[in-house]
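Taking the working numbering, the leading residue of the sequence shown gets 3, the next gets one more, and so forth. First comes the structure, then the notes that go with it.
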Amino acid sequence: SQETLNVTKDFMEKLDRVVVVLKKEIPGFLGNRLAFALFREAVYLVDEGVATVEDIDKVMTAAIGLRWAFMGPFLTYHLGGGEGGLEYFFSRGFGYGANEWMYTLAKYDKFPYTGVVKAVQQMKEYSFIKGKSFQELSKWRDEKLFQIYKIVWGDKKQNSNGENNK
């Protein structure tokens, strides 16, 4: 019900959470759906021998992930369109670039066995994690997330317009 939605939204905001209410019901959480679309492509690239799991993580942390820590894909590509914004990006940049290769993206609806095996095997050789326990890696991750959170959000959350939510 709308009342349940409002109570839940208010409660989560009091816990200092960023709340997004979907316009219609779909399976899964919005963030997980977006993350798994990217992960599906990453597994596909590993399965096809295009890149290793380490290569993909490097690209994510050195490029895309830096942007996505403080702005989403729409604002990213809006800025990529220059003064013309997202409209220009779609009509010129995107249309003449990604449309030429987008058909090659992963299309499967389940992770292929071969891709899973390759990814799992490559994780065993991943140089950064060698010799580190799960607890050490989890602690490292949590500390980094907290540092990024403080840099991006500070003491006040902001929406995508840079306006404070508090």
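All C-beta atoms, glycine included, are put in the ideal place defined by N, C-alpha and C. Values in this document were obtained by computation on a predicted structure and should not be read as measured data.
Point to revise | Sequence-distant residues of its chain with Cβ nearer than 7 Å to Phe72 (five each side left out) | key: For this step, residue 72 is matched to residue 70 along the sequence shown. Excluding sequence neighbours, Phe72 sits near Val154.
Exercise for review: Find out if the Cβ-Cβ distance for the pair Val45, Ala100 is shorter than 9 Å.
Suggested key: As a working note, residue 45 is residue 43 in the sequence shown. As a working note, residue 100 is residue 98 in the sequence shown. Ala100 is positioned such that its CB atom lies no closer than 9 Å to that of Val45.
**Study point:** Buried versus exposed, by CB contacts within 10 Å (16 or more), Asn163
**Key:** By one-based count along the sequence shown, residue 163 stands at place 161. Residue confidence for Asn163 is low, a pLDDT of 46 falling below 50, so the modelled location carries little weight and cannot support an answer.
Practice item. Report back the beta-carbon spacing between Val48 and Gly117 to the nearest angstrom; my notes put them in contact at under 8 Å. Key: Taking the first residue of the sequence shown as position 1, residue 48 is located at position 46. Taking the first residue of the sequence shown as position 1, residue 117 is located at position 115. With a Cβ gap of about 6 Å, Val48 and Gly117 count as contacting.
Check your understanding: Would DSSP call Thr78 helix, strand or coil?
Key -> As a working mapping, residue 78 is identified with position 76 in the sequence shown. Helix at Thr78.
Review point. Going by the beta-carbon positions, is the gap between Gln124 and Val55 smaller than 9 Å?
Key: For the purposes of this step, residue 124 is taken as the residue at position 122 of the sequence shown. For the purposes of this step, residue 55 is taken as the residue at position 53 of the sequence shown. At the C-beta level, Gln124 and Val55 come within 9 Å of one another.
Exercise for review: Taking Asp57 as part of the alpha helix (DSSP H), name the residues at either end of that continuous run.
Suggested key: Here the question's residue 57 lines up with position 55 in the sequence shown. In the DSSP assignment, Asp57 falls within the unbroken alpha helix (DSSP H) covering 55-61.
Exercise for review: Can you grab the Cα-Cα spacing for the pair Lys26 / Lys132, in whole Å?
Suggested key: The sequence position of residue 26 within the sequence shown is 24, counting from 1. The sequence position of residue 132 within the sequence shown is 130, counting from 1. Cα to Cα, Lys26 sits roughly 43 Å from Lys132.
Check your understanding: How many Å lie between Leu142 and Lys134 at the Cα?
Key -> Within the sequence shown, residue 142 is the residue found at index 140, counting from 1. Within the sequence shown, residue 134 is the residue found at index 132, counting from 1. Contrary to the premise, residue 142 reads as Trp rather than Leu in this sequence. Cα to Cα, the separation comes out at about 10 Å.
Review point. Between Asn8 and Gly33, what straight-line distance do the alpha-carbon atoms span, to the nearest angstrom?
Key: Locating residue 8 in the sequence shown gives position 6, counting from the first residue. Locating residue 33 in the sequence shown gives position 31, counting from the first residue. Spanning the two alpha carbons is a distance of roughly 20 Å.
**Study point:** Three-state secondary structure (DSSP) of Gly84
**Key:** The residue you call residue 84 lines up with position 82 of the sequence shown. In the three-state reduction of the DSSP assignment, Gly84 falls in the helix class.
**Study point:** Same chain, Cβ closer than 8 Å to Ile58, five either side skipped, listed in chain order
**Key:** For the purposes of this step, residue 58 is taken as the residue at position 56 of the sequence shown. Hits under 8 Å: Ala44, Leu47, Val48.
Exercise for review: Take the Cβ of Phe31 as the centre, count every other Cβ of all protein chains shown within 10 Å, and call the residue buried at 16 or more, exposed below.
Suggested key: Sequence index remark: in the sequence shown, residue 31 carries index 29 (1-based). Taking every protein chain shown into account, the CB of Phe31 has fewer than 16 other CB atoms within 10 angstroms, so this residue is exposed.
**Study point:** alpha helix (DSSP H) segment containing Lys126, residue limits
**Key:** On the sequence shown, position 124 is the one that residue 126 refers to. Element bounds for Lys126: 115-126.
**Study point:** Inter-residue spacing [alpha-carbon to alpha-carbon] between Lys16 and Thr10
**Key:** Counting from 1 along the sequence shown, the entry for residue 16 is found at position 14. Counting from 1 along the sequence shown, the entry for residue 10 is found at position 8. Lys16 and Thr10 have their C-alpha atoms roughly 10 Å apart.
Practice item. Would you kindly work out how many angstroms separate the C-alpha atoms of Ala121 and Tyr105, rounded to a whole number? Key: Here residue 121 corresponds to residue number 119 of the sequence shown, with the count starting at 1. Here residue 105 corresponds to residue number 103 of the sequence shown, with the count starting at 1. Spanning the two alpha carbons is a distance of roughly 23 Å.
Review point. How would you call Phe91, buried or exposed, if buried means at least 16 neighbouring beta carbons within 10 angstroms?
Key: In the sequence shown, the residue the question calls residue 91 occupies position 89. Residue environment for Phe91: buried (at least 16 other C-beta atoms within 10 angstroms of its C-beta).
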